[in-house]
Amino acid sequence: MVTYILVLKYVDEDVFIEKEELISQYSNFPDRKKNLFFEKSSQWANAVLKGGASTNKFISTDKEKQTINLYQDKRGGRQYTYPMKKLRRTVLSSATAEYPTAYVVKKEMMSWMILQLEVSDMRKSDDFETRHNATLSETGKYLAATAYRLALENDNDKFYQTLVNKLSALVDNIKSIEVEKDDKRSFLTLFLKFRDGMELPARYLSDGTLRFLALAVLVQDNKSGNLICLEEPENGIHPAKIITVINLLRDIAFDTKSKEIDLLNENLLRQVIINTHSPLVVREVPESNVLVAEIKEYFDEKYDTKYKAAIFRPLNNTWRTNCIPEFYDYKVRALNLGTLLAYLKGENEENEVKTKEKKVKERQDVKENLKLF
Numbered sequence: 000m001v002t003y004i005l006v007l008k009y010v011d012e013d014v015f016i017e018k019e020e021l022i023s024q025y026s027n028f029p030d031r032k033k034n035l036f037f038e039k040s041s042q043w044a045n046a047v048l049k050g051g052a053s054t055n056k057f058i059s060t061d062k063e064k065q066t067i068n069l070y071q072d073k074r075g076g077r078q079y080t081y082p083m084k085k086l087r088r089t090v091l092s093s094a095t096a097e098y099p100t101a102y103v104v105k106k107e108m109m110s111w112m113i114l115q116l117e118v119s120d121m122r123k124s125d126d127f128e129t130r131h132n133a134t135l136s137e138t139g140k141y142l143a144a145t146a147y148r149l150a151l152e153n154d155n156d157k158f159y160q161t162l163v164n165k166l167s168a169l170v171d172n173i174k175s176i177e178v179e180k181d182d183k184r185s186f187l188t189l190f191l192k193f194r195d196g197m198e199l200p201a202r203y204l205s206d207g208t209l210r211f212l213a214l215a216v217l218v219q220d221n222k223s224g225n226l227i228c229l230e231e232p233e234n235g236i237h238p239a240k241i242i243t244v245i246n247l248l249r250d251i252a253f254d255t256k257s258k259e260i261d262l263l264n265e266n267l268l269r270q271v272i273i274n275t276h277s278p279l280v281v282r283e284v285p286e287s288n289v290l291v292a293e294i295k296e297y298f299d300e301k302y303d304t305k306y307k308a309a310i311f312r313p314l315n316n317t318w319r320t321n322c323i324p325e326f327y328d329y330k331v332r333a334l335n336l337g338t339l340l341a342y343l344k345g346e347n348e349e350n351e352v353k354t355k356e357k358k359v360k361e362r363q364d365v366k367e368n369l370k371l372f
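For the sequence shown, position 53 (counting from the first letter as 1) is numbered 52 according to numbering that gives the first Met the number 0, and the numbering increases by one without interruption.
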């Protein structure tokens with residue numbers, strides 16, 4: 000377990016590194032297990048928390064000398080010093096295999112995916128030659144080629160049937176999903192086939208269906224990133240199907256409570272981070288998974304200036320309010336309950352719609368039957 004800290008400063012329209020650290024806080028198994036506060040099975044912890052560090056720092060900042068130091072793993076190993084004034088990128092980004100822990104962290108961060116799915120990319124057919132090493136890009140490109148590769152690498156019928164099962168929760172009357180090869184042009188095209196005989200290629204599918212299909216493919220791809228970030232997963236999805244999307248995202252992430260541990264295939268060590276503006280999404284996710292972003296204004300005495308920063312508040316009485324490590328220099332306070340309730344209800348008294356007509360929410364039958372919680 001390592002912690003990476005990077006502090007940047009903005010001066011005279013330029014960005015500089017003020018602090019960079021890579022440290023190992025807990026070297027033995029009991030400490031590592033104890034300081035993972037979320038719920039987990041013993042089988043999962045035993046499979047994931049392996050090895051130990053011979054040193055507790057791999058990158059450190061010397062403010063007096065204005066340098067950042069990179070250390071080899073073994074005690075007394077080689078140390079490389081970088082002058083902070085000359086740095087135009089992080090020290091971590093320059094780590095090589097000579098510095099194993101820093102290098103592994105660098106490679107891990109390079110595998111992270113920030114999905115910005117573009118329907119124009121997902122609708123395209125793919126060249127047949129891309130099938131061998133195809134992986135879904137951050138924009139959704141190579142959707143057809145990735146599905147084709149996964150079908151070849153796994154049981155062909157089982158792979159496509161899994162896609163059908165997942166998509167059936169979103170779209171009715173699906174019979175099958177296939178990737179077909181156009182022999183004349185050597186193109187791969189993804190098709191949805193329906194029980195009434197209709198067939199639709201990817202270019203005619205809705206935005207929401209394509210986004211859902213891309214996520215369903217990621218569930219089965221063990222070559223996808225270890226951290227997957229997605230903005231507003233509810234886009235293009237009917238409100239009644241929000242739970243379907245949330246369940247799909249949970250399928251992508253690893254299950255720390257599972258006792259069946261297969262880190263290479265069935266329970267990949269993956270994490271999913273989403274941001275959303277939808278109360279419908281927030282109401283349905285587990286309480287410990289929620290962090291609410293707030294913008295706060297601060298005063299920096301060193302630079303005699305005010306600045307704004309985002310802070311992320313967890314809900315009270317969850318494991319997140321009990322896991323502030325000693326090396327953090329701030330205290331996270333739980334979200335105010337009133338703020339949460341106003342958000343979930345979608346109400347803001349200061350910005351009520353001004354109308355003399357009866358609103359939908361004011362109908363008596365709606366009041367009696369609509370339950371927000």
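Think of the CB as a built atom: it goes at the ideal place given N, C-alpha and C, for glycine as much as any other residue. The structure presented is a predicted model; accordingly, all values stated were derived computationally and were not measured.
Legend entry - Where M197 falls: helix, strand or coil (DSSP): M197: coil per DSSP, three-state reduction.
Legend entry - Ranges of the beta strand (DSSP E) found wholly within the region 46 to 133, counting only runs of at least 3: Every beta strand (DSSP E) stretch that sits fully inside the region 46 to 133 and reaches 3 residues is listed by chain position as 56 to 61, 66 to 70, 78 to 82 and 112 to 114.
Inset, instruction - Decide yes or no for the touch test of the region 100 to 120 against the region 33 to 42: beta carbon pairs closer than 8 Å, at least 3 of them. - result: At 8 Å Cβ cutoff, the stretches do not touch.
Inset, instruction - Consult DSSP for F372 and reduce its assignment to one of helix, strand or coil. - result: Because the pLDDT of F372 is 47, which lies under 50, any placement of that residue in the model is unreliable, and the question is left without a value.
Legend entry - Alpha-carbon spacing of V47 relative to L267, whole angstroms: When rounded, the distance between both Cα atoms is 11 Å.
Legend entry - Contacting residues, own chain, Cβ-Cβ under 6 Å from E325 (five flanking each side not counted): With a pLDDT of only 47 at E325, under the threshold of 50, the placement of this residue in the model should not be trusted, and no figure is reported.
Inset, instruction - Enumerate, from N- to C-terminal direction, the unbroken beta strand (DSSP E) stretches of 3 or more residues contained entirely within the region 170 to 197. - result: 173 to 181 and 186 to 193, all fully within the region 170 to 197.
Inset, instruction - Go through its chain and collect everything with a Cβ distance to V281's Cβ below 8 Å, but skip five positions before and after it. - result: Within its own chain, the residues whose Cβ lies closer than 8 Å to the Cβ of V281, once the five positions on either side in sequence are excluded, are T275, V289, Y342 and L343, listed in chain order.
Legend entry - Any alpha helix (DSSP H) of 4 or more consecutive residues that is wholly inside the region 193 to 247: For the region 193 to 247, the continuous alpha helix (DSSP H) assignments of 4+ residues that do not extend past its boundaries occur at 206 to 218, in sequence order.
Legend entry - Beta-carbon proximity of T188 to D182, cut-off 9 Å: No, the Cβ-Cβ distance between T188 and D182 is not below 9 Å.
Legend entry - Boundaries of the beta strand (DSSP E) in which N315 is found, first to last residue: Following the DSSP letters along the chain, one finds N315 in no beta strand (DSSP E), marked with neither H nor E.
Legend entry - For L91 and V103, believed in contact at Cβ under 8 Å, the rounded distance: Contact between V103 and L91 is ruled out by a C-beta separation of about 11 Å, above the 8 Å threshold.
Legend entry - Other residues of its chain near L226: CB distance less than 6 Å, five sequence neighbours each side excluded: Cβ within range, chain order: W111 and Q270.
Legend entry - A309 - partner residues in DSSP beta bridges: DSSP, once it has assigned bridges, lists I294 as partnering A309.
Inset, instruction - Go ahead and pull the three-state DSSP assignment for D11. - result: Shown here, D11 sits in coil according to DSSP, grouped into three states, outside any helix or strand.
Legend entry - Simplified DSSP assignment, three categories, for E361: Correct three-state label for E361: helix.
Inset, instruction - Return the residue from the list K64, M83, E12 and D30 that minimises the CA-CA distance to L5. - result: With distances taken between Cα atoms, L5 lies closest to M83.
Legend entry - Inter-residue spacing [alpha-carbon to alpha-carbon] between V319 and V218: The sequence given here places Arg at residue 319; Val does not occur at that position. R319 and V218: Cα-Cα distance of roughly 26 Å.
Legend entry - For K165, the residue or residues it bridges with in DSSP: DSSP links K165 through a beta bridge to no other residue.
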